[in-house]
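Accompanying notes for the structure given below.
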Amino acid sequence: MRQLIFVILIVSPFGFSQSKIEGRVFQQSSGWTPIEGIFVTEENSNGDYSKRDGSFSLEFNSKKLGEIVYPKIGLNGDNFAKDKNGKVWELVNVNELSSVIIPKDPKRGSLKIIVCPKGGIHEAAINYYKPMKNFRDKKFIMLNDSLKTLQVRLSSDHQVIIDLNRQIERYKKLNDSIRLYSKALDYARTNLDSAEKRVKDYLEALGMGMQIEQAIKILDEEKAKKEARLHGQGFETSIDELRKIAEQKELDFRFQEAVKIYDEIILQYTEYNKDQNLILDLYYYICDMHLQIGQYSKVIQYGKKALLILNDIRYDKNNPKKSQLLNVLGVAYMNIYDYDNSKTSLDESLKINEFRINHKLTKSQLPVFDNLTNLGNLNLELKQFKEAELYYEKALNIYLNFKDENYHKDPNRLVSIYNNLAVINQNIFNDTKTIEYLRKALSILKLLRDKKDSRKLKQSFADLNTNLGNLFKDSNDLNSALKHFGQAKDIYEELNLEEPFSFVFSYSIALNNFVSVLLNLNRVSEAKNYIEISINLNKELVLRYPSELQYKHNIAFSYSNLGRLYCLEQSYSKSIDAYKESIGLLKEFDISTTNSNQEMLLSTINDLALVYNSNHQCSNAEKVLLEAMQLLHKRDSDFKYSAPLSLLLRTNLGISLDCQKKHELAEDNNQIMLKISRELAKENLSRFGIDILGSLNNLSISLMNNGKRIKAKELLLEAVVLSQNMKGIDFEMGSINHNLGKVYDELEKYDKSIDHYLQACQIRKKLVFKNDIALFKKDLATSLNNLGNVYVETGDYVRAKSNLILSKNIREELAKENDINEYDLAKSRFALGLLYYKSKKNDNALLEFSEAQKLFYNPIFDHFSQANLYRAKINTEVGKSYIRLEKFELAKKNLLETFLKFESKIKQHSLTTEESSLFLKNLIYLTRIDILRNLKEELSLQDAKKGFERIQFTLSQKNTKINFDNQKKELLVLFKGCEEFYSGHFIDLEASELMQKIDLDKDKIGLYQELKIFLAKLDQFGLQYPNNEGVQVYSLHFRANLSWYALFAKDFVFSERCAKYVLEKEPSEEWVYTNLALSYVFQDKFQQAKNIYLKYKDQPYDNTNFREVFLDDIMALENEGLAHQDFAKVREILEKR
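Residue numbers for the sequence shown follow full-length UniProt numbering, beginning at 1 and rising by one.
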C-alpha cells in the first residue's frame, strides 16, 4: 500500500488576541512522517506553509472562538498542493475539514486531515472496490436464488416473499457502481497510523484481495462498542471500527442493523462531547442512505435531527451542509406528497446556495442547479407550469454555462430538463416548443449512443419516448402515441429483465401508458395481453410497500385501464367494480395538494359515469359527475387546467341528463360545454377541434330532444364544415352524420335523412372493419336500423327490410356475446314488426312483435330508463296485431297492461307526453275491441261507451305533466278516429239490419222510408268524416236500392235522383239503369227510357241478360198494382230481336 499524508490541526489556546489554529501536516500511514511546504489556507486567514516538522499556523482577524471555519490546502484552495520539492499532494480527510469549530478550550483534541500523493486515493480505492462489488454481486445471486426457492413453496402474497422482494428491489438501488466506489474511497481515506489493529488487519486483507465475508471476521462489534464506551485513548479507533462494521452491514443489505450502529456512534460522540460536525455528517449519511432505498419518513426523521444541530448559533445560517441537507429533505417531502414542506426546504436551500455564490463563498453552481431542478420538479408535479418552466430555464442556463474541470457534466441531467420542459409546454398547449425540446433531448441521446453507461441512456430514451407518446396522445395521433409508448415499454421491459428489482415500477408505468392507448384504439385483445401483467406487477408492489403512495397511484391507473377494457367488452358490472377500486385508491391521496392525483381521480370518475350511462344507470352517472365537478371547481380556478377536465365531465353529464329526460338541463350543460371547447380551441384548434365536434354533436341531441330541430341541424352542419381539415375523426363524423339523418327524418326531409344515414353507415362500417369491437358494431347497427325506419316511412319496404335485417343480424351476434345487447335486438325486432304491420304481413308482424316483447321483458333491463316505455310500445303493437287477426281477447290482454299502468300514473299527474300518447292509443284500441268483440252484446256496447267517455275526459284534463299542446294535432286525430269508429259502429249496425230486410224484401214501402232516414244519417256522418271509405260504399249501395223502393212509394222523381247519383259516382254499377228507366216511364219520359232499353237489352247480366231483368222488374211492379200505359211499348222493344 502507498504511504499517505494527513494533517493534524491543533487549536490555538483561548485568550489570544487573535483566533488561531495550529497544526501539522503528516504523510498518511507512514509512522507520522511530516511533509514540508504544503500551503494550508482558509479564506478568512492569512494562510501558511508547513514547516520541516509539518507545523503551520492560521490566524483569523474576523473569526472568534467557537465559530466554524473551512480549512483547505493549495494556493487555489482546491485541496491539491505542492510540497517544497514540487510534488503534488491531495487532501485525504476531506470530511473532517469540511467545517472546523474553533474551540473555546484550545487544549481539547485535534482534527486530522488526510492527504496523499495525487491519484493515490483512487488507486487505493480500486483495491477496495473490487471485493465490495464481488460481495454485492454474490449477495444478489443468493437473494434471487432464495426467492426462487421460496416461490416454489409459498404463494406470491406470502409475507416472506413480499419482504424478500422488497429487500431485493430496494437494495438494487445501492448496488450502483458510483456508490460502491464512493464507499471504497472512504476506506482508502482511512489513516492506518491511528487505526485500531483489527481495522488495520481488515483493510490490509481487503487491499490484498481477500473476500469481504472472510475479512469482516477480523472486526469485532462488541469489543469495539465496549472500547468506545470507555471514552479513552482508543475512542477514535473503536468508532472507526464500528463504522467499518456498519458499512459492511450496508453491503450485506442489513440496513436496520447498520443504522443501530450509527445511532450508537452518535450516542458516544454526544456523551464524549465530540465535535458535532461528526454527528452532523453521520445524520446526513443516514439520510442519504434512506433516500436511496425510498424510506422517506426515515430521511425526514434523521434530517430533522441534523437541522437541530445546524440551527445552533455557532453554525453560520448559510452553512453549505445545511443547504445540502435541506435539498435532500425537499426531495423526501416531495415523495410523500408533503408539498408545502418540500417547497419550504428547497427554497431555503436555494437561498443559502445563492447567498454563497453572491458573496463569493463558493464558485460552484452545482448545488443551485440541483435546487432549481428539484423546484422545477415540484412545481411540475403541482401543475404550476409557469413556475416550473422558470426554474428549469434557470437550471438549464447554469448547466450550459457551467465550467468546472473537476466536475463532469452529466448529459442525462440535460436530457431530463429538456424532457420536463417538453412536458410543461405540452400541458400549456405549445406544441411547437414541445417538439423543439424533445428534439433537443433526442439529439443529445443520439450523441451518447456509444457511451458506456447504457442503463442511463436507455432510461433517458424511455423517458423521451414516454413524453412523445403523451404529446401524440393529446393531439389525437394515437398510432404515433402507441409507437412511442411501445418503445418506452420495450426499453423498460429489457431493463427489468436485466435488473428486475430496479425497474419493475418504471416497467409497470410504461405498460399502463401502452395499454391506455391500445384501449383508445379499441384493440382490446392486445390490451388484454398486457393489462394482466400490469395488474400483477402493481399488486405485488402495493403488497410489498403498502405505505408507498406512488405504487397505489400506479395500480389505480391499472384498475382504471381494466375498467375501460371491461367496458369495451360490455362487462359493465366488472367495469364498475374495477373503476371503484381505482377511485378508492386515489381517494387515499390528499388531492388538495396535487393536481396529477386529482386529474386521474376525476378522469376515472368520468370513465365510471360512462359505464353507468352505457348500462342505463344514468342517475348514478349524474350523481358521481356532479360530485366530481364540485371537487374540480373547489380545487382549481385555472381555466387551462380545469377546462379540459370540465369538458370531459360535462360530456357524460349531458348524456346522463338526456337519458333521464332532463332535456332542458342537458341543453344548458351542453351549451356550457360548447363554450368551453370553443375557448380552448382559440389557442389550439388542432388539439381541441375534436372537442368542438363532440360539443356540437351533443348539443344537437339535446336540442332535438327539446323539439329545436332547425337549430340542431345548423349545429350539425357547422360540425361537418369544421371537420373538413381534421384527421382521425371517423368516430365523431359517424355520430354527426347519424344525428343529421335523425334530425332530417324528424323534419320529414327523407331524402336528406337517407343520405346522411348512408354516410354514417359507410363510416361506421369502416370503423368495424378496422376494429372489430362491440362499440363500433352497436353504432353501425343503430344507423342501419334508423335507415330502415326511414325507408319504411317512404314506403320503400324492400330497402327497409334489407337494412333492418342487417341491423338485426349484427345485434343477434352481439347478444350472443353479452345479454345486455338483447335490448337493442328487441328494438330491431320491433322495427321489423312495424315494417311487416304496415305492409299487411300480419303474421310476420305478430311474430317479430312477440319476440321483441319477450326480450324487452327480460328482468336485466328493469333498471333501464326507457324499458317501461318500450314495453308499453310493444304491448300496443302486439295488441293491434291481434285486433287485425280478430283475436280480441289476446289483444285486450296486451293493451290492458299498459292502459292500467298509465291510468294509475295519470291520476298522479306523472305521465310524460309520450306516455300520454300511448295511453290514449291503448284506450282507443281497447274501445274498438269492446265494440268488435261482440256486436250484439249490450254489455260490450256499454263498455265501448264508457271507453269513449274516458277518452273525452282525458282530453279535458289540464295536466301540467302532459303537454297536450305539443301533441294537439296527434291527440285530435286519435280522438276523432275513435269518435268516428264509435259512431260508425252504429251506422254499421243499422246498415246490417237494412241489408237483412232488403234480402227479405217484404215491406217495400217500409224499406223506402227506413232507407231515406238511414241515408240522411249517413250523409251527416259523411260530412263529419269525409275520408271515411265506408260512407261512400254505404251511400252508393243503399241509394241504388232506394231508387228501386221509391218506385213502389210512387216517389218517381226521388227514384230518378238516386239512380243518377249512383251512376255518376260509380258508372260500373250498370244494373241501376233498370231503376232509372222505370222512373223515366212513370214520369212519361218514354224516349229517355227507350234509349236505355235499346242500349242494354242485349247486354249480359250475371247469368242472363238485361232484357230478362227489365221484364222481371215490370212484372214485379204490376204485381204490386203499379202499371203504366207504356209498359206494352217497353215489352215490344225488349221482345224485338
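For every residue, glycine included, the Cβ atom is placed at its ideal position computed from N, Cα and C. It should be emphasised that the depicted structure is a prediction, and the values quoted were computed from it without experimental measurement.
DSSP places S55 inside the beta strand (DSSP E), whose first and last residues are 55 to 60. Apart from the 5 residues on each side of it in sequence, L1078 sits with its Cβ closer than 8 Å to the Cβ of L1047, S1055, A1089, D1113, I1114, L1117 in its chain, given in chain order. Rounded to whole angstroms, the separation of the alpha carbons of L91 and Q487 is 47 Å. Around the CB of V415, 16 or more other CB atoms lie within 10 Å, so the residue is classed as buried.
Scanning the stretch 21 to 59 for uninterrupted alpha helix (DSSP H) segments of 4 residues or longer gives nothing; none is fully contained. Nearest Cα to F385 within the set P367, L361, V423, L372: V423.
For the pair of segments examined, the stretch 600 to 614 was found to touch the stretch 558 to 573: the number of CB pairs separated by less than 8 Å reaches three.
Residue environment for M600: buried (at least 16 other C-beta atoms within 10 angstroms of its C-beta). DSSP, reduced to helix, strand and coil, places Y1101 within a strand of the structure shown. Residue environment: H290 is assigned as buried (16 or more neighbouring CB atoms within 10 Å of its CB, all protein chains considered). Of the candidates L65, E436, R413, L541, the residue whose Cα lies closest to the Cα of S460 is R413.
T876 and L784 have their C-alpha atoms spaced approximately 24 Å apart.
By the Cβ-count criterion, A1128 is exposed, with fewer than 16 other Cβ atoms from all chains shown falling within 10 Å of its own Cβ. The beta carbon of Y1093 lies closer than 8 Å to those of A1077, F1110, V1130, I1133, L1134 in the same chain, with the five residues before and after it left out. Per DSSP, K223 is one residue of the alpha helix (DSSP H) stretching across 221 to 229.
In the displayed model, S443 falls within a helix according to three-state DSSP.
Taking all protein chains shown into account, G707 has fewer than 16 neighbouring C-beta atoms within 10 Å of its C-beta and is therefore exposed. Within the same chain, and ignoring the five residues on either side of Y857 in sequence, the residues whose Cβ sits closer than 7 Å to its Cβ are R871. Take Y269, set aside five residues on each side of it, and the residues of its chain with a beta-carbon closer than 7 Å to its own are L278, I279, in chain order. Checking the DSSP bridge columns, you'll see S19 partnered with F60.
Between R243 and the set N789, P546, T190, the nearest pair of CA atoms involves T190. Classified as buried, L657 has 16 or more neighbouring CB atoms from the shown chains inside 10 Å of its CB. The stretch 213 to 226 makes contact with the stretch 182 to 201, as at least three CB pairs between them are under 8 Å. Counting along the chain, the unbroken beta strand (DSSP E) around A81 starts and ends at 80 to 82. CA-CA distance, H553 to L586, rounds to 6 Å. Check the Cα spacing between A481 and each of N512, A395, T41, S508: the tightest is with N512. Secondary structure at E714: helix, using DSSP grouped into helix, strand and coil.
Going by DSSP, E196 is part of no alpha helix (DSSP H) at all; its letter is neither H nor E. Distance between N311 and N95, taken at the CA atoms: about 20 Å.
Counting only the Cα atoms, A246 lies some 14 Å from M132. Assigned with DSSP and collapsed to three states, V69 falls in strand. Excluding sequence positions up to five before and after G833, its CB lies within less than 7 Å of the CB of A845, E848, F849, A852, E877, all in the same chain and listed in chain order. Beta-bridge partners of E90 (DSSP): F80, C116.
If the five residues before and after D745 are omitted, its C-beta is found closer than 7 Å to the C-beta atoms of S753, V790, all from its own chain and listed in chain order.
By the Cβ rule, the stretch 806 to 819 does not count as touching the stretch 647 to 656, because fewer than three pairs are nearer than 8 Å.
For N319, the closest C-alpha among the options N803, K801, F355 is that of F355.
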